[in-house]
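**Student:** I have a structure I would like to understand better, so I am pasting it below and will then ask my questions one at a time.
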Amino acid sequence: MKLLLNGFAALGLGLLTAASASAAEYPIKKPVEQDWSFEGPFGTYDRGQLQRGFKVYREVCASCHSLNLVAFRTLEDLGYSEEQVRALASEYEVQDGPDDAGDMFTRPATPSDYFPAPFENPQQAAASNNGAYPPDLSLMAKARTAERGFPTFVFDIFTQYAEGGVDYVYNLLTGYEEDSHGHEVPPGTYYNPYFLKAASLAMAPPLSDGVVAYEDGAPETVDQYARDVSAFLMWTAEPHMEARKSTGFVVMVFLVLFGGLMYLTKRKIWAEAH
């Protein structure tokens, strides 16, 4: 029985090691940490960058990827006026109904509506993209991140690093390259060493220089596009980040003052007791 238990233990350890090795194989390259205006306890969003990122999403990403959890009205947080948001929403059509005859119908979207998906269902989306379903991007900058490993993740506790997801999105968008190491790249996929699940992915490089025109004079390069749309996706994933940080700062100040008052109270009580 002891030999049998030892055998099962060895087998389990072997499977765990194999699984860990397999999981650690990707991404081939670790995402490079970037500088963001919203990083750190006092970071804030750059509204100009968010508007540029939204433009990149609309003109490049929206043909395949949805933003199912983002309502048009929240675009006011990017600096758009109520009239601008209403005009932006009216460019989209959403399904509504049933009407009095029991039929569904389409109508121009209003600010209270959410961004409509580019496909009617996941099956249609996959069929239009070589069998790969384009994921919804609403929470992508928080849902995808590469493990940073020891001891980096320990330092992250003190630096309050929380940009792993947005760093991953940026590196993925700018990381397409020719495979020079003999990795298995199936036909119809594109090598990207930053991809979390394999050496390649079905999405072709979506960005190229000059593909989106900027009105504010920002560089129209792949790097700038990727940086801007990554920041925009960070906002869609955490639109209330600035309020959270402000509240957290107030709470920390309160706790410091409260701790100081409790310490002084304790000293006074114990001084009188003696």
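The opening position of the sequence shown corresponds to residue 2 in my numbering, with each subsequent residue numbered one higher. Idealized CB from N, CA, C, for every residue including glycine.
(1) On the three-state DSSP scale, how would you describe residue 209?
(2) Please go through the region 12-93 and give each complete alpha helix (DSSP H) segment of 4 or more residues, from N-terminal end onward.
(3) Go ahead and pull the three-state DSSP assignment for residue 156.
(4) Cβ of residue 77 within 7 Å of Cβ of residue 71?
(5) Is it true that the region 194-213 meets the region 127-136, where meeting means three or more beta-carbon pairs spaced less than 8 Å apart?
(6) Here's the rule: buried if 16 or more other CB atoms are within 10 angstroms of the residue's CB, otherwise exposed. What is residue 67?
(7) Give a yes or no on whether the C-beta atoms belonging to residue 169 and residue 145 are separated by under 7 Å.
(8) Going by the DSSP bridge assignment, what does residue 202 pair with across the sheet?
(9) Take residue 162 as the anchor and find which of 51, 253, 124, 37 has the nearest alpha-carbon.
(10) Quick one: any contact between the region 233-246 and the region 80-100, if contact means 3 or more CB pairs under 8 Å?
(11) Could you name the residues that DSSP lists as bridge partners for residue 101?
(12) Is it buried or exposed for residue 94, if we count other Cβ within 10 angstroms and need 16 for buried?
(13) Contact check, residue 57 vs residue 230 under 8 Å by CB: the rounded distance?
(14) Just to check my reading of the structure: residue 191 and residue 177 have Cβ atoms closer than 8 Å, yes? What is that Cβ distance to the nearest angstrom?
(15) In or out: residue 260 buried (at least 16 other Cβ within 10 Å) or exposed?
(16) Since residue 108 is in the alpha helix (DSSP H), which residue starts that stretch and which ends it?
(17) For the putative contact between residue 46 and residue 39, defined by C-beta atoms under 8 Å, what is the C-beta separation to the nearest angstrom?
**Tutor:** Once the coordinates are examined:
(1) Three-state DSSP puts residue 209 in coil, outside helix and strand.
(2) Segments of the alpha helix (DSSP H) lying fully in the region 12-93: 48-57, 83-91.
(3) Looking at residue 156 - three-state DSSP - the assignment turns out to be helix.
(4) Against a cut-off of 7 Å, the Cβ pair of residue 71 and residue 77 comes out as no contact.
(5) These segments touch.
(6) Buried: at least 16 other Cβ atoms inside 10 Å.
(7) Less than 7 Å divides the Cβ of residue 169 from the Cβ of residue 145.
(8) As a beta-bridge residue in DSSP terms, residue 202 pairs with 191.
(9) Ranking 51, 253, 124, 37 by Cα distance to residue 162 puts 37 first.
(10) At 8 Å Cβ cutoff, the stretches do not touch.
(11) Per the DSSP secondary-structure output, residue 101 pairs with nothing in a beta bridge.
(12) Here residue 94 is exposed, its C-beta having fewer than 16 other C-beta atoms within 10 Å.
(13) Right, the Cβ-Cβ distance comes to about 4 Å (below 8 Å), so this counts as a contact.
(14) A Cβ-Cβ distance of about 6 Å is found for the pair residue 191 and residue 177, placing them in contact under the 8 Å criterion.
(15) Residue 260 comes out exposed.
(16) Residue 108 -> not in any alpha helix (DSSP H); beta strand (DSSP E) instead, spanning 106-109.
(17) Separation of the CB atoms of residue 46 and residue 39 is rounded to 5 Å, and the pair is thereby assigned contact status at 8 Å.
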